[in-house]
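Residue numbers (the working numbering), protein chains in the order written: chain A, 934 to 1051; chain B, 3 to 118. From the three backbone atoms N, C-alpha and C, an ideal C-beta is built for every residue, glycine too. Have a look at the structure below, then the notes.
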């Protein structure tokens, strides 16, 4: 079964507007983590934001915020005030624990390509 | 600015040749991961090291792939012999595993491999 689902292959947003990228996940673990990564055309994977399953507050990092709805198993990324440099692929990922030290594998979604229009 | 360093960034080789990809994890990190990214399969975990010991390489084709960490500053992924289906971007990521909590994996820029 797919652990991470990103249903939007591509999204467009006007510069300076906000955009929401959807992510739903599937796990039976009580403790898990959700991540968003950005992959620009240059290819590197850039960590953006993290949300722990026990965190009561939605995570925020600058213009990025994570809309975490645990009951719905969704972890949508909200980018406010979009900039041209935000054009990239965005991957949602869920942490699966590999061992008790906390090291983990990340299950990635298929990604959403965001294009910011001037 | 600490970052994971991967070399080479690009590699073009012929089928049957040996390929070695290198990764320098972030200083102080004790876990290293190798991922492969393809259009068809997305990102897949190949191997995982903790404190230089291989703990999981179930995602790796054993007959041709091997992963090692000769020391704490170097991880290698070798393919011998390489095949066209190995063409992909290979990412190395490192992290600090201290507790079952926030545990971020930081990725290198990747090695884009093309096997002709």
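Is the CB-CB distance between residue 74/B and residue 38/B below 7 Å?
no
If the cut is a Cβ gap below 8 Å, which residues of chain A does residue 47/B touch?
1038 and 1039
In angstroms with no decimal places, state the Cα-to-Cα distance between residue 49/B and residue 982/A.
24 Å
Roughly how many angstroms separate the alpha carbons of residue 963/A and residue 19/B, rounded to a whole number?
45 Å
Can you find at least 3 beta carbon pairs, one from the segment 954–973 of chain A and one from the segment 1014–1026 of chain A, that sit closer than 8 Å?
yes
Check distances from the C-beta atoms of the segment 45–70 of chain B to those of chain A and list, in chain order, the residues that come in under 8 Å.
45, 47, 50, 52, 57 and 58
Taking CB distances under 7 Å as the criterion, tell me whether residue 157/B reaches chain A.
Residue 157/B lies beyond the residue range present for chain B, which begins at 3 and ends at 118; the question has no answer from this structure.
Which term fits residue 1042/A, buried or exposed, when burial requires 16 or more other beta carbons within 10 angstroms of its beta carbon?
buried
Between the alpha carbons of residue 956/A and residue 1015/A, how many angstroms are there, rounded?
19 Å
Looking at the secondary structure, which residues open and close the beta strand (DSSP E) in which residue 44/B lies?
44–52
How about the segment 1002–1016 of chain A and the segment 56–72 of chain B: do they share at least three Cβ pairs that are nearer than 8 Å?
no
At which residue ranges does the segment 967–1040 of chain A contain complete beta strand (DSSP E) runs of 3 or more residues, listed in the order of the chain?
979–985, 997–1002, 1007–1012 and 1021–1030, all fully within the segment 967–1040 of chain A.
For residue 88/B, which of helix, strand or coil comes out of DSSP?
helix
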